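Reading through the structure tokens given below for one structure.
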Amino acid sequence: MVHQINDDIRDKEIRLIDSDGSQLGVVNTKDALRMAAERELDLVKIAPAAAPPVCKLMDYGKFRFEQAKKEKEAKKHQHIIEIKEIRLSPSIDKHDFDFKRNHARKFLEDGHKVKVSIRFRGREMAHTSIGQTQMLKFAEELTDVSNVERHPKLDGRNMLMFLAPKLPAKK
Numbered sequence: 002m003v004h005q006i007n008d009d010i011r012d013k014e015i016r017l018i019d020s021d022g023s024q025l026g027v028v029n030t031k032d033a034l035r036m037a038a039e040r041e042l043d044l045v046k047i048a049p050a051a052a053p054p055v056c057k058l059m060d061y062g063k064f065r066f067e068q069a070k071k072e073k074e075a076k077k078h079q080h081i082i083e084i085k086e087i088r089l090s091p092s093i094d095k096h097d098f099d100f101k102r103n104h105a106r107k108f109l110e111d112g113h114k115v116k117v118s119i120r121f122r123g124r125e126m127a128h129t130s131i132g133q134t135q136m137l138k139f140a141e142e143l144t145d146v147s148n149v150e151r152h153p154k155l156d157g158r159n160m161l162m163f164l165a166p167k168l169p170a171k172k
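Using our numbering, the letters of the sequence shown map in sequence onto residues 2 to 172.
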């Protein structure tokens, strides 16, 4: 968010907050700018939508540095969960099924969500129950490492199901 500072503030009156957080009331913008100059601080508009707009006396450079530091810290603690996709077919062979199940197990153990999809082609659309059975079997074989986040659902020619990793038991 880009803040208006000092001479960029064009409002006639503003609600002023001191650098220590105490309210100084509604004042003329020119008076507030003079106060900021006397204290060697900046006048920063922090709530432009309010009536009158809210401005604060602060060191803007220090404020921006603190904001950047907070954002960097928040980004560091953010955990991004990737979604891995496994594609099945209604007429999948036992070996292929096991191979894909083992891949899904590895993804789930690594903490990723898994999107399981089946694309029905041509006349396979008449037998979507076979695909649903395959998906439920797939989910059942992975119950030790996953929870079904979204049950199998037909979406056009695709059937989708989402599996989320089970959280490790807290000690």
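All C-beta atoms in this analysis are idealised placements derived from N, C-alpha and C, irrespective of residue type, glycine included.
This one's a predicted model, so the numbers in the text were calculated from it and none came from an experiment.
Asked: Return helix, strand or coil for F121, following the three-state DSSP convention.; Found: coil
Asked: Short of 8 Å in beta carbon distance, which residues of its chain neighbour K13, apart from the five on each side in sequence? Order them along the chain.; Found: N29, T30
Asked: Please go through the same chain and pick out, in chain order, the residues whose beta-carbon is closer than 7 Å to the beta-carbon of D43, but skip the five residues on each side of it.; Found: I6, N7, A37, M59, D60, Y61
Asked: Report buried or exposed for F66, applying the criterion of at least 16 other Cβ atoms within 10 angstroms of its Cβ.; Found: exposed
Asked: Within 8 Å (strictly less), CB to CB, does L58 reach chain C?; Found: Any reference to chain C falls outside this structure, which holds one protein chain only.
Asked: Contact check, K154 vs L161 under 8 Å by CB: the rounded distance?; Found: 6 Å
Asked: Determine the direct distance from the alpha carbon of D32 to that of Q24, and round the result to whole angstroms.; Found: 15 Å
Asked: Are F121 and P91 touching if we call contact CB-CB under 8 Å?; Found: yes
Asked: Using only CA atoms, which one of V27, N159, V45 lies nearest to M126?; Found: N159
Asked: In terms of alpha-carbon separation, which member of I15, R35, I10 lies closest to G26?; Found: I15
Asked: For the beta strand (DSSP E) containing D43, list its first residue and its last residue.; Found: 43-48
Asked: So what's I82 in DSSP terms, helix, strand or just coil?; Found: coil
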